[in-house]
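For the sequence shown, numbering that gives the first Met the number 0 assigns the number 0 to the initial residue and increments by one for each residue that follows.
Idealized CB from N, CA, C, for every residue including glycine.
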Amino acid sequence: MKKTNRREFIQTTVKATVITTIGVPFMACASKAGKETDDPEKNTLPVLTFSQIKLPYGYDALEPSIDTLTMDIHYNKHHAAYVKNVNEAIEAEKITFNTELEFLSNTSKLSAKARNNGGGVWNHNFFWQVMKPGGGTPSGKLADAINGSFESFEKFKEQFTTAAMTRFGSGWAWLVNDNGKLKIGSTPNQDNPLMDISDFKGTPLLALDVWEHAYYLKYQNKRNEYVANWFNVINWDEVASRLK
Ligand code: MN3
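In structure tokens:
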């Protein structure tokens with residue numbers, strides 16, 4: 000009697016456990032599914048938001064190559080405006096790209112406002128990082144790549160300077176990696192070599208802003224002096240880190 004009772008008890012307990020384990024996940028699934036459809040936050044598509052990096056140095060850090068007032072206005076007014084404008088465009092135009100790279104490589108599908116301001120944010124975030132007080136010269140693998148592609152560092156500087164000087168109007172000069180080969184070129188306005196619409200493509204290693212707002216307060220019409228002095232504040236370690 001005692002034994003039978005115990006078996007019955009066990010069987011009842013097992014049945015109850017089975018019901019519970021089937022029942023609980025079912026309820027959990029139902030509840031989770033309900034949340035996914037009812038929660039407005041979970042129905043919102045992920046949207047890219049552009050932002051400014053923190054300036055890696057003070058406004059006066061690149062003196063005398065880049066003056067303090069220019070750095071302040073460039074970062075706090077020009078760059079900040081691109082951030083505000085591209086984020087407005089993303090919202091107004093319901094742009095749903097998830098990453099900056101996806102955004103840039105699809106610029107042919109974007110409005111002029113989204114393209115110009117998105118490029119403006121990305122280019123300046125890149126530009127701040129490839130500069131630092133003190134500068135120096137490239138070394139190691141990067142120096143080998145520069146010598147291999149342009150014969151010498153001096154020839155690289157000449158070619159880069161030509162690209163910066165011959166960009167008519169506003170734009171950027173670039174050093175890019177194009178499948179292991181380094182190339183120099185330029186883009187108009189806020190376009191860059193990651194954009195599908197760009198004639199000049201590659202992975203950016205170094206960039207120089209040649210918009211007048213980048214140098215006019217100190218150098219006025221003398222873009223050549225700005226370019227020559229900028230070579231003293233290139234962060235070659237940062238450039239090297241981008242050469243994969
Ligand atoms: Mn600029």
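**OP:** Report buried or exposed for S189, applying the criterion of at least 16 other Cβ atoms within 10 angstroms of its Cβ.
**Re:** Residue 189 is actually Gln in this sequence, not Ser. The residue in question, Q189, is buried, as its Cβ has 16 or more Cβ neighbours within 10 Å.
Subject >> Residue nearest to N84 in terms of C-alpha spacing, selected from L61, Y56, D66, W121 >> reply: With respect to the C-alpha of N84, the residue from L61, Y56, D66, W121 having the closest C-alpha is W121.
Subject >> Distance between K217 and Y74 (C-alpha atoms, nearest Å) >> reply: 16 Å
Original post:
Three or more beta-carbon pairs under 8 Å between the segment 154-174 and the segment 198-216, yes or no?
Top reply: yes
Original post:
Can you round the beta-carbon distance between G134 and N231 to whole angstroms, since I take them to be within the 8 Å contact cut?
Top reply: 5 Å
**OP:** Flag this pair as yes or no: are the beta carbons of V129 and N234 separated by less than 7 Å?
**Re:** yes
Original post:
Among residues of its own chain, excluding the 5 on either side of K200, which ones have a beta-carbon nearer than 6 Å to its beta-carbon?
Top reply: P192
**OP:** Select from M70, N116, L141 the residue whose C-alpha is nearest the C-alpha of R241.
**Re:** L141
Original post:
Got a sec? Which residues, its chain only, sit under 6 Å from Y81 by beta carbon, not counting five neighbours each side?
Top reply: Only N116, G119, V120 meet the Cβ criterion.
Original post:
If you check the beta carbons only, do Q158 and F152 fall under 7 Å apart?
Top reply: no
Subject >> Proximity test, D208 beta-carbon vs the ligand MN3 heavy atom, cut-off 6 Å >> reply: Yes, since a heavy atom of the ligand MN3 falls inside the 6 Å radius drawn around the Cβ of D208.
**OP:** Could you work out which residue in I65, F167, K93 is closest to Y225 when comparing CA atoms only?
**Re:** Relative to the Cα of Y225, the nearest Cα in the group I65, F167, K93 belongs to I65.
Original post:
Exposed or buried, K165, counting other C-beta atoms within 10 Å across all chains shown (16 or more means buried)?
Top reply: Residue 165 is actually Thr in this sequence, not Lys. Result: exposed.
Original post:
How long is the line joining the alpha carbons of T136 and K93, rounded to whole angstroms?
Top reply: 44 Å
Original post:
Cα separation between I196 and Y215?
Top reply: 29 Å
**OP:** Look at M194 and L47 and say whether their C-beta atoms are less than 7 Å apart.
**Re:** Cβ atoms of M194 and L47: not closer than 7 Å.
Subject >> Test item: CB-CB of H78 and Q51 under 7 Å >> reply: yes
Original post:
Cβ of A172 versus every heavy atom of the ligand MN3: is any distance shorter than 6 Å?
Top reply: No, Cβ of A172 sits at least 6 Å from all heavy atoms of the ligand MN3.
Original post:
Hey, which unbroken runs of the beta strand (DSSP E) at 3 residues or more fall wholly within the segment 162-236?
Top reply: 170-177, 180-187, 202-208
**OP:** Could you tell me the boundaries of the alpha helix (DSSP H) in which L68 lies?
**Re:** 67-72
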